[in-house]
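Residue numbers (this note's numbering): 4 to 431.
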Amino acid sequence: ARHLSRHTPRSRRACLHTREVEVDCTFLAPLVQKVCSGGIQRARETLPSREAPSGTMPQPGSSKKKNKKDGKKSKKAGGGGSGSGAGAGGGGSGGGSGGARVSSIAALIDSGNEHLAFERYDEGLTELKRAVDLAPANADAAEAYGMALAEFGDPADAIAALKRAAQLRPDAGYEKFMYLGQLLDDGAAAATCTRQGLALIEFQAAHGDEDAEERTCGACCALVEQLLATAEDIEDVADECDALLRRAAEADVTSAEPLQVMASLRSQQGRPEEALEALRQSIAAWRSRRGGRSVEPSGGGDLDTEDNEFMGEYDVSFEFRFETAKLLLELDENTDEAIDVLEELLEERDGVVDVWHLLALANHGCCNFDRALELLGHADTLNDQAGGDEGVTADLMELRAAVEDSKSRWKEDVGADHQMGGADDDSD
Numbered sequence: 004a005r006h007l008s009r010h011t012p013r014s015r016r017a018c019l020h021t022r023e024v025e026v027d028c029t030f031l032a033p034l035v036q037k038v039c040s041g042g043i044q045r046a047r048e049t050l051p052s053r054e055a056p057s058g059t060m061p062q063p064g065s066s067k068k069k070n071k072k073d074g075k076k077s078k079k080a081g082g083g084g085s086g087s088g089a090g091a092g093g094g095g096s097g098g099g100s101g102g103a104r105v106s107s108i109a110a111l112i113d114s115g116n117e118h119l120a121f122e123r124y125d126e127g128l129t130e131l132k133r134a135v136d137l138a139p140a141n142a143d144a145a146e147a148y149g150m151a152l153a154e155f156g157d158p159a160d161a162i163a164a165l166k167r168a169a170q171l172r173p174d175a176g177y178e179k180f181m182y183l184g185q186l187l188d189d190g191a192a193a194a195t196c197t198r199q200g201l202a203l204i205e206f207q208a209a210h211g212d213e214d215a216e217e218r219t220c221g222a223c224c225a226l227v228e229q230l231l232a233t234a235e236d237i238e239d240v241a242d243e244c245d246a247l248l249r250r251a252a253e254a255d256v257t258s259a260e261p262l263q264v265m266a267s268l269r270s271q272q273g274r275p276e277e278a279l280e281a282l283r284q285s286i287a288a289w290r291s292r293r294g295g296r297s298v299e300p301s302g303g304g305d306l307d308t309e310d311n312e313f314m315g316e317y318d319v320s321f322e323f324r325f326e327t328a329k330l331l332l333e334l335d336e337n338t339d340e341a342i343d344v345l346e347e348l349l350e351e352r353d354g355v356v357d358v359w360h361l362l363a364l365a366n367h368g369c370c371n372f373d374r375a376l377e378l379l380g381h382a383d384t385l386n387d388q389a390g391g392d393e394g395v396t397a398d399l400m401e402l403r404a405a406v407e408d409s410k411s412r413w414k415e416d417v418g419a420d421h422q423m424g425g426a427d428d429d430s431d
């Protein structure tokens, strides 16, 4: 769930087009489908985020962009609901010695979260595991350790720890259920966990939590994606998905996420025009906001020249925009906007193989073959530096062969016509 998922084909494009000349590329449909189906696991508003190591896709994080300072603060303050409430899950109740034991567990949780906040991941995981070992019935320790493993450790270990935390405290702490919803391979079980997380978020909202509405938006979108990924017939879940997306949009009227998930839904329903319209509305929403403030799409307004030159980061995440580019390539025959999005991602983080790969595919689609081959060369280099994933290597080789074949066809068909026209001009 934390890397490219290649199991949900989405692409419905049968051919690629240039801006001036349509080129018959129907023989490339399997390639387009493979790459467009292999996106990043969608970011969740309800999960904390962190920077991923260079060369890998970001781990599940917020669809809203948080700066590093905010991310560190959230991990320190929010890791499993630890801190002053660490005694709630048990771990000692016998007078002074029990209080001291609870205090020591709380200190370990705080220490572990502080290590994580300053990117000392091994030390942080060690401290949190020690807290769990000392107080196996302490729900705060279990939650903090499980969520830390989900972000920085082994997924299988994270699932086991999060399940234990859910057993200890099933009626509070939405985060562990949202993580389980992202990590579990069983689609039905993942959806059940996300539903429980959503129910807890809505309970918090009903009891005055001001941030819960924003979390509701992300949780509803996460549940829709899980339903779409596991449904045998999209129409069986379409009504529920529509209702969830309406709830998401009502919960956070500024979020671009419900519209993008709506685009995925409409695409899978075979309604590409509606899908593209929803996607364009989503793009307009997040492009109009940079650095957490509204910006006129045309660049106008009262901002001075310096402000206009640098507007800050978008308030949607890297992985959210990668998904945007995938959908654009799937739905829009013109590749210009997808290329713009992908090139912006490279400016932000140039060590992600999948971005280079998808950008090469987009350039192939607009018959910019030399650029596509150049991009594939960068992707090959990054993949080799990361250890040479065999599946990625095979995908890159397949696309390279397709680009070279298309380039050859172009020279034979279109190039020959241009040469004939040039000869006529010279003779005149």
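Yeah, the Cβ is synthetic: ideal placement off N, Cα and C, and Gly gets one too.
Check your understanding: Quick one, are the C-beta atoms of Thr-219 and Ala-232 less than 8 Å apart?
Key -> no
Point to revise | Beta-carbon gap between Leu-331 and Leu-364 smaller than 8 Å | key: Going by C-beta atoms, Leu-331 is not nearer than 8 Å to Leu-364.
Check your understanding: Ala-153 and Tyr-182 look like a contact to me (Cβ under 8 Å); what is the Cβ gap, rounded to whole Å?
Key -> 5 Å
Point to revise | Nearest residue (CA-CA) to Leu-385, options Leu-399, Leu-226, Ala-341 and Ala-254 | key: Leu-399
Point to revise | Buried/exposed call for Ala-394, threshold 16 Cβ in 10 Å | key: It is Gly, not Ala, that sits at residue 394 in the sequence shown. The residue is exposed, with fewer than 16 neighbouring Cβ atoms inside 10 Å.
Exercise for review: Can you say whether Pro-261 is buried or exposed, counting buried as having 16 or more other CB atoms within 10 angstroms of its CB?
Suggested key: buried
Review point. Closest by CA to Thr-257, which one among Leu-361, Gly-184 and Gly-221?
Key: Nearest of Leu-361, Gly-184 and Gly-221 to Thr-257, Cα basis: Gly-221.
Practice item. Using a threshold of 8 Å, state whether the C-beta atoms of Phe-180 and Ala-169 are closer than that. Key: yes
Practice item. Let me know the alpha helix (DSSP H) ranges lying completely inside the segment 237–263, each 4 residues or longer, listed in chain order. Key: 237–254
Point to revise | Host alpha helix (DSSP H) of Glu-351 (start-end) | key: Glu-351: member of the alpha helix (DSSP H) spanning 339–351, first to last residue.
Review point. Within the chosen definition, does the segment 278–288 reach the segment 233–246 through at least 3 CB pairs nearer than 8 Å?
Key: no
Check your understanding: First and last residue of the alpha helix (DSSP H) that includes Leu-187?
Key -> No alpha helix (DSSP H) contains Leu-187, which DSSP labels as neither H nor E.
Check your understanding: Of all the options Ala-138, Glu-205, Arg-292 and His-210, which has the alpha carbon lying nearest to the alpha carbon of Ala-254?
Key -> Glu-205
Point to revise | Helix, strand or coil at Lys-414 according to DSSP, with G and I counted as helix | key: helix
Review point. Buried or exposed: which applies to Glu-415, given that a residue is buried once 16 or more other Cβ atoms fall within 10 Å of its Cβ?
Key: Exposed: under 16 other Cβ atoms inside 10 Å.
Practice item. Tell me whether Gln-170 sits in a helix, a strand or coil according to DSSP, three-state version. Key: helix
Exercise for review: Check Asp-157 in the structure and name its three-state DSSP category.
Suggested key: coil
**Study point:** Spatial distance of Pro-173 from Leu-379 (CA atoms)
**Key:** 47 Å
Exercise for review: Examine the ligand MG and report whether any of its heavy atoms sits within less than 7 Å of the Cβ of Glu-336.
Suggested key: Absence of the ligand MG from the depicted structure is noted, as is the absence of any ligand whatsoever, leaving it without description.
Review point. By a C-beta neighbour count over all protein chains shown, 10 Å radius and 16 as the cutoff for buried, is Phe-323 buried or exposed?
Key: buried
Practice item. Let me know if Gly-390 comes out buried or exposed under the rule of 16 or more other beta-carbons within 10 Å of its beta-carbon. Key: Burial call: exposed.
**Study point:** Closest residue to Leu-131 among Ala-140, Gly-115, Met-150 and Leu-137 (Cα-Cα distance)
**Key:** Between Leu-131 and the set Ala-140, Gly-115, Met-150 and Leu-137, the nearest pair of CA atoms involves Gly-115.
**Study point:** CB contact flag (Leu-186, Gly-156, <8 Å)
**Key:** no
Review point. For Glu-54, which residues of its own chain have a beta-carbon under 6 Å away from its beta-carbon, when the five flanking residues on both sides are left out?
Key: With a pLDDT of 39 at Glu-54, under the threshold of 50, the predicted position of this residue should be treated as unreliable, though the coordinate-derived value follows. Excluding sequence neighbours, Glu-54 sits near nothing in its chain.
Review point. When burial is assigned at 16 or more other CB atoms within 10 Å of the CB, is Arg-269 buried or exposed?
Key: buried
Practice item. Find out if the Cβ-Cβ distance for the pair Asp-318, Arg-292 is shorter than 8 Å. Key: yes
Review point. Run through DSSP, which three-state label would Pro-275 get?
Key: helix
**Study point:** Close Cβ partners of Ser-411 (< 6 Å) along its chain, the five nearest in sequence each way excluded
**Key:** Close CB contacts of Ser-411 within its chain, under the 6 Å cut and outside five residues either way in sequence, are absent.
**Study point:** Three-way DSSP call (helix, strand, coil) for Gly-380 in this model
**Key:** helix
Check your understanding: Among the residues of its own chain, which have a CB less than 7 Å from the CB of Asp-392, if the five just before and after it don't count?
Key -> Answer for Asp-392: Asn-386, listed in chain order.
Check your understanding: What three-state label does DSSP hand Val-355 in the structure shown?
Key -> coil
Check your understanding: So which of Lys-166, Glu-326 and Ala-288 has the shortest CA-CA distance to Glu-228?
Key -> Glu-326
Exercise for review: Check Asn-371 in the structure and name its three-state DSSP category.
Suggested key: coil
Point to revise | Cutoff 8 Å; reference Val-135; Cβ partners in own chain excluding five residues on either side | key: Asn-141, Ala-144, Ala-145, Tyr-148 and Ala-164
Practice item. Just mark Ser-430 as buried or exposed, buried being the case when its beta carbon has 16 or more other beta carbons within 10 Å. Key: With a pLDDT of 44 at Ser-430, under the threshold of 50, the modelled position of this residue cannot be trusted, and the question is left open.
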